[in-house]
Each structure stands twice: as structure tokens, then as C-alpha cells.
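Residue numbers (this note's numbering): 49 to 127.
Here the structure is laid out as C-alpha cells; the discussion comes afterwards.
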């Protein structure tokens, strides 16, 4: 179950990481101070997510991917 949660939240974590970089870049271009506290919180959340992802076993990740693919196939194919 933990591996499935890691796989399903991966796109969101990528989105959050890219939003941190673009927010800081935009603030610097506009001449304002970036909200470093909020940005550091998101980066810390990304680091914790990576640590949790690294502790999942390879077998559980493969099983979660198989379950995800089976779900997607049932969702988008006509039986």
C-alpha cells in the first residue's frame, strides 16, 4: 500500500518541486523577496517523500505498478 501511495503522489511531488523553482524565479524577476519559509517547507516535504520512496522495496513497487496498470486498463478499456 505504501508503494502505491508513493507511485500515485509522484506527479504531485514533481509539480510542487517545479513550482518552488518557478515561484522563486518569478519573485526575483519582480524584485520582491521570495517566501523562503513556504518554499523551504515544500522542499522539506519533497525530501521526506524521497526518503519514504527510497525505503520501499523493489517488489512492492513492482506490485503497485501492476495494480495501477490493471486499474487503468479496466478504467479505459471496454469489456
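Don't be surprised by glycine CBs; every beta carbon is placed ideally from N, CA and C.
Going by DSSP in three states, residue 98 sits in which element: helix, strand or coil?
Stepping through the chain shown from its first residue, residue 98 is reached at position 50. Three-state DSSP puts residue 98 in a helix.
For residue 115, does the three-state DSSP call read helix, strand or coil?
Looking up residue 115 in the chain shown gives position 67. In the structure shown, residue 115 falls within a helical segment according to DSSP collapsed to helix, strand and coil.
Label residue 58 either buried or exposed according to how many other C-beta atoms from any shown protein chain fall within 10 Å of its C-beta, with 16 as the threshold for buried.
Here residue 58 is taken as the residue at index 10 of the chain shown, counted from 1. Counting the other CB atoms within 10 Å of its CB gives residue 58 a total below 16, which places it among the exposed residues.
Rounding to the nearest angstrom, what Cα-Cα distance links residue 115 and residue 55 in this structure?
Counting from one through the chain shown, the residue named residue 115 turns up at place 67. Counting from one through the chain shown, the residue named residue 55 turns up at place 7. Rounded to the nearest angstrom, the two C-alpha atoms are 11 Å apart.
Nonlocal neighbours in the same chain, by C-beta distance under 6 Å from residue 82, ignoring five residues either side:
In the chain shown, counting from the first residue as 1, residue 82 sits at position 34. Around residue 82: 72, 75.
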